[in-house]
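Each remark here refers to the structure printed beneath this line.
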Ligand code: SAH
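What follows is the structure, given as structure tokens:
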């Protein structure tokens, strides 16, 4: 529940609106997981809350700390027996938490493990927020960044993802700046346009993954709905409206989209678009795709750099490879 929902709950129960703000702070700023610890809330109202509501909704099923870096994958069980995964990644002073927005995913991008599960259901706002509360309580480094790059398509669960983001952003909640919250979408055009119109200024990433419609449609069935040029233009609109750079993600798949011609075509496609490019070397899962070798990855990135030096091109080496916690490897499995 957000602050307004908590306020209505209080008013309905004959309490003041002000109480709603107190509940909000107890849960989201202080991470209190029991109504009985809310010392400024009267006893009879605490009893009412205990009777009718729960604070924690996810149970921790398992945790997988990486042996190679400081990342941890957490497997949660939902109240109705589904499994979702969250990844905490610590790198010096930066602590990024990768959140899931759905159980599974409907999109079926051919290179992604989550896509193979199909969609089970959306996560509630509470289930999204609970992931972050757990990481904050269990990992001893303050959270600096949140990315919706775990399981699911965040824009297929638009309201709950944005509701949760608002709780992360609120000074009475997690107090994260809007630049510290990134939503990554497969490229659902209507939702991108809706988001551009919003006041909210969270960072947006679009998974391009190809430089033309032919290749993109082969690896991402959703591309049959909106063309790559439409997405690039929507990205440009985002950058212009929000005064923030759109990020384009590009998973590098050996022999599919990693050639020098592909790099040049991408550079041309993005010419004049204020953007950042994140190249993601493919994290292998079962199936036919492979990661290109390092020299191909370097070459691809150099071509983009050289084409126009104002591009910010970054190669994103996923953390937690040994615990299958990299981009696209999350599938809610225990073991
Ligand atoms: N549904 C959202 C979030 C997905 S995960 C989206 O599509 O953007 C975040 C990124 O990981 C996406 O850019 C996705 O294309 C990429 N990805 C998926 N599977 C991958 C894999 N096996 N290796 C590397 N990146 C992958």
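In the numbering used here, the protein residues as written are -18 to 316. Yeah, the Cβ is synthetic: ideal placement off N, Cα and C, and Gly gets one too.
| query | result |
| --- | --- |
| For residue 130 and residue 95, believed in contact at Cβ under 8 Å, the rounded distance | Not a contact, Cβ separation roughly 10 Å. |
| Residue interval of the alpha helix (DSSP H) (run including residue 319) | Any answer about residue 319 is impossible in this case: the structure gives the chain only from -18 up to 316. |
| Range covered by the beta strand (DSSP E) that runs through residue 4 | Here residue 4 belongs to no beta strand (DSSP E); instead the alpha helix (DSSP H) covers -2 to 5. |
| Residues near residue 17 in its chain [Cβ-Cβ closer than 8 Å; skip 5 each side] | 27, 31 |
| Distance between residue 189 and residue 87 (C-alpha atoms, nearest Å) | 17 Å |
| Neighbourhood of residue 211 by C-beta distance below 8 Å, restricted to the same chain and skipping five residues each side | 170 |
| Counterpart residues of residue 168 in DSSP-defined beta bridges | Looking at the DSSP assignment, residue 168 forms no beta bridge with any residue, so it has no partner. |
| DSSP-derived helix/strand/coil call for residue 270 | coil |
| Completely contained alpha helix (DSSP H) runs for the region 119 to 161, where each covers 4 or more residues | 139 to 150 |
| CB of residue 254 within 7 Å of CB of residue 224, strictly | no |
| Nonlocal neighbours in the same chain, by C-beta distance under 8 Å from residue 233, ignoring five residues either side | 239, 260, 261, 262, 263, 272, 273, 277, 278, 281 |
| Length at least 3, wholly inside the region 26 to 80: the beta strand (DSSP E) runs in chain order | 40 to 46, 52 to 58, 64 to 72, 75 to 79 |
| Proximity test, residue 38 beta-carbon vs ligand 1 heavy atom, cut-off 6 Å | no |
| Inter-residue CB distance, residue 236 and residue 68 (contact presumed, cutoff 8 Å) | Not confirmed; about 28 Å, so no contact. |
| Ligand 1 heavy atom lying under 6 Å from the CB of residue 309 | yes |
| Reference residue 61; option with closest CA among 141, 121, 139, 39 | 39 |
| Where residue 252 falls, given that 16 or more other Cβ within 10 Å makes a residue buried | exposed |
| Closest residue to residue 149 among 8, 267, 0, 311 (Cα-Cα distance) | 8 |
| Three-state class that DSSP yields for residue 117 in the structure shown | helix |
| Start and end residues, beta strand (DSSP E) containing residue 196 | First-last for residue 196: 194 to 200, but that is the alpha helix (DSSP H), not the beta strand (DSSP E). |
| Straight-line Cα distance separating residue 92 from residue 316 | For residue 316, the pLDDT reaches just 47, beneath the cut-off of 50, and the residue's location in the model is therefore unreliable, although a value from the coordinates is still provided. Each residue's Cα considered, the two are about 21 Å apart. |
| Option nearest residue 227 by Cα separation, candidates 146, 173, 3 | 173 |
| Residue 22 - DSSP class collapsed to helix/strand/coil | coil |
| Where residue 316 falls: helix, strand or coil (DSSP) | A caution first: residue 316 carries a pLDDT of 47, below 50, which makes its placement in the model unreliable, though a value can still be read off. Reduced to three states, the DSSP call for residue 316 is coil. |
| For residue 100 and residue 134, the rounded distance between their alpha carbons | 10 Å |
| Cβ-heavy atom distance, residue 277 to ligand 1, below 6 Å | no |
| Under 7 Å between C-beta atoms of residue 119 and residue 104 | no |
| Counted within 10 angstroms of its Cβ, other Cβ atoms place residue 21 as buried (16 or more) or exposed | exposed |
| Within 7 Å, strictly: CB atoms of residue 312 and residue 70 | no |
| Identified DSSP bridge partners for residue 188 | 230 |
| Residue 378 CB to nearest heavy atom of ligand 1 below 6 Å | The chain is shown from -18 up to 316; residue 378 falls before or after that span and cannot be answered. |
| Collapsed DSSP secondary structure at residue 235 in the structure displayed | coil |
| Residue range of the unbroken alpha helix (DSSP H) whose run includes residue -13 | -16 to -7 |
| Contacts around residue 204, its chain only, beta-carbon distance under 7 Å, and the 5 residues preceding and following it disregarded | 194, 197, 198 |
| Distance, residue 185 Cα to residue 49 Cα | 29 Å |
| Any non-hydrogen atom of ligand 1 closer than 6 Å to residue -9 Cβ | no |
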